[in-house]
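Per our numbering, the sequence shown starts with residue 50, numbered consecutively. Cβ atoms here follow ideal geometry from the backbone N, Cα and C, with glycine treated the same way. Predicted, not measured: the structure shown is a model, and the values here were computed from it.
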Amino acid sequence: HQPSDSARQSATARVYAVLKHEILSCQIAPGTALYEGRLAERLQVSKTPIREALGMLVHEGFVEVMPRQGYRVTDITLADVHEVFQMRMLLEPAAAELAAERATAAQLKRLQGLAEESYVYGELPTYEEFVVKNREFHVLLAEASGNGRLAAMLRNLLEEQVRAVRQGDRERRRCEADDLPERKVPR
């Protein structure tokens, strides 16, 4: 019995969403090996949606193929972080300029609300919510530009940045818990 194309696409979309969330939140840490069989078992799907979702994540740069071994979550390097910031510095002013001309009243109202978000230093839940809202602000600003390609590029860059922030937070908490000096970021 073969699953229908729509059922397979639905399973692929679900697997993709789960894996991407786990990678962006660093629940699956950079450098972690990923195996189709283990993921299929854990997510209770066949290997086909796993393979398709991993292919999408490879295309986005969050996962790499390890020939004859499986897949691996890509590392986050200082050079990656620098490149993301450079790209954002080039693209976000253009998005903001276009958004100033094209944003709807509803988008402006939502942007204002998001711009007023804050967090309480040292309280992880408020900080986590702030990170989500901050990303939402920048994505909405990009979408308000009315340029779909620009918005897609910035959305991807922001996902990469959130992943880097999460990894940095994990490392800092681990060092604090172990009372170790800060670890060096791989180059």
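For Glu208, the number of other beta carbons within 10 angstroms of its own is at least 16, and it is reported as buried. Looking from the CA of Arg121, the closest CA among Glu192, Asp129, Leu106 and Val133 belongs to Leu106. Between Glu185 and Leu199, the CB-CB gap reaches or exceeds 7 Å.
Around the beta carbon of Leu139, a 10 Å sphere encloses fewer than 16 other beta carbons of the protein chains shown; the residue is thus reported as exposed.
Restricting attention to beta strand (DSSP E) runs no shorter than 3 residues, the stretch 117-177 encloses them at 119-122, ordered along the chain. In the DSSP assignment, the residues bridged to Glu113 are Arg121. In this structure, DSSP gives Ala78 a state outside helix and strand, which the three-state scheme calls coil.
Fewer than three Cβ pairs drawn from the stretch 159-178 and the stretch 108-123 lie within less than 8 Å of each other, which leaves the two stretches out of contact. Just measuring C-alpha positions, the residue of Glu90, Arg87 and Thr97 sitting nearest Ala60 is Thr97. According to the DSSP assignment, Gly197 belongs to the alpha helix (DSSP H) that extends over Gly197 to Asp227. Scanning Val133, Glu90 and Ala82 for the CA closest to the CA of Glu113 turns up Ala82. With contacts defined as CB atoms closer than 7 Å, Glu85 and Arg100 qualify as a contacting pair. Straight-line measurement puts the Cα of Ser167 at about 26 Å from the Cα of Met202.
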